[in-house]
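Here is the structure we will look at.
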Amino acid sequence: MAKSIGVVECNCYSDVVAAADRMVKAANIHLARQEQIGDAQVALIFEGDTDEVTRAAEAAKKTAPETLKATVIANTSSRVLSVFRL
Numbered sequence: 017m018a019k020s021i022g023v024v025e026c027n028c029y030s031d032v033v034a035a036a037d038r039m040v041k042a043a044n045i046h047l048a049r050q051e052q053i054g055d056a057q058v059a060l061i062f063e064g065d066t067d068e069v070t071r072a073a074e075a076a077k078k079t080a081p082e083t084l085k086a087t088v089i090a091n092t093s094s095r096v097l098s099v100f101r102l
């Protein structure tokens, strides 16, 4: 299965923590890191097989659908992975 990455972004840190918990319970993924984006926004980067990353992103969206965005980059290029050190 191809390696993929996902990114969850939210304006509320507690929602990102809740999303991370829901994601690891729903799918076999690796939480790579979290990044502070500006004053309030937080991003969580995760990786795994495409199906698992997609499942985790869908689980995250259910945590706080009004404030949380989840994106999946399927079959991620090795050049992109190296930029993000994944």
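All residue numbers for the sequence shown refer to the numbering used here, where the first residue is 17 and numbers rise by one.
Yeah, the Cβ is synthetic: ideal placement off N, Cα and C, and Gly gets one too.
Other residues of its chain near residue i: CB distance less than 6 Å, five sequence neighbours each side excluded
i	result
Thr-6	Here the chain has residues from 17 to 102 only, and residue 6 is not among them.
Val-32	Cys-26, Val-58 and Leu-60
Ser-93	none
Span of the alpha helix (DSSP H) around residue i
i	result
Glu-63	Where Glu-63 is concerned, there is no enclosing alpha helix (DSSP H), although the beta strand (DSSP E) it sits in stretches over 57-65.
Ala-90	From DSSP, Ala-90 is part of no alpha helix (DSSP H); its letter is neither H nor E.
Where the beta strand (DSSP E) containing residue i begins and where it ends
i	result
Leu-97	Looking at the DSSP string, Leu-97 is not in any beta strand (DSSP E); the run it does join, the alpha helix (DSSP H), is 94-99.
Lys-19	19-26
Ala-48	46-53
Residue i: CB within 7 Å of a non-hydrogen atom of the ligand SAM
i	result
Lys-78	Absent from the structure shown: the ligand SAM. Ligands present: none.
Presumed contact (8 Å Cβ cut-off) between residue i and residue j, rounded CB distance
i	j	result
Leu-102	Ala-35	About 19 Å separates the two Cβ atoms, so there is no contact after all.
Ala-48	Phe-62	6 Å
Under 8 Å between C-beta atoms of residue i and residue j
i	j	result
Gln-57	Glu-82	no
Ser-20	Ala-75	no
Gln-50	Leu-60	yes
Closest Cα partner of residue i within the set the options
i	options	result
Ala-72	Ala-43, Asp-37, Asn-27 and Tyr-29	Ala-43
Lys-78	Arg-38, Phe-100 and His-46	Arg-38
Neighbourhood of residue i by C-beta distance below 8 Å, restricted to the same chain and skipping five residues each side
i	result
Val-69	Ser-20, Ile-21, Gly-22, Ala-43, Ile-45, Phe-62, Glu-63, Val-88 and Ala-90
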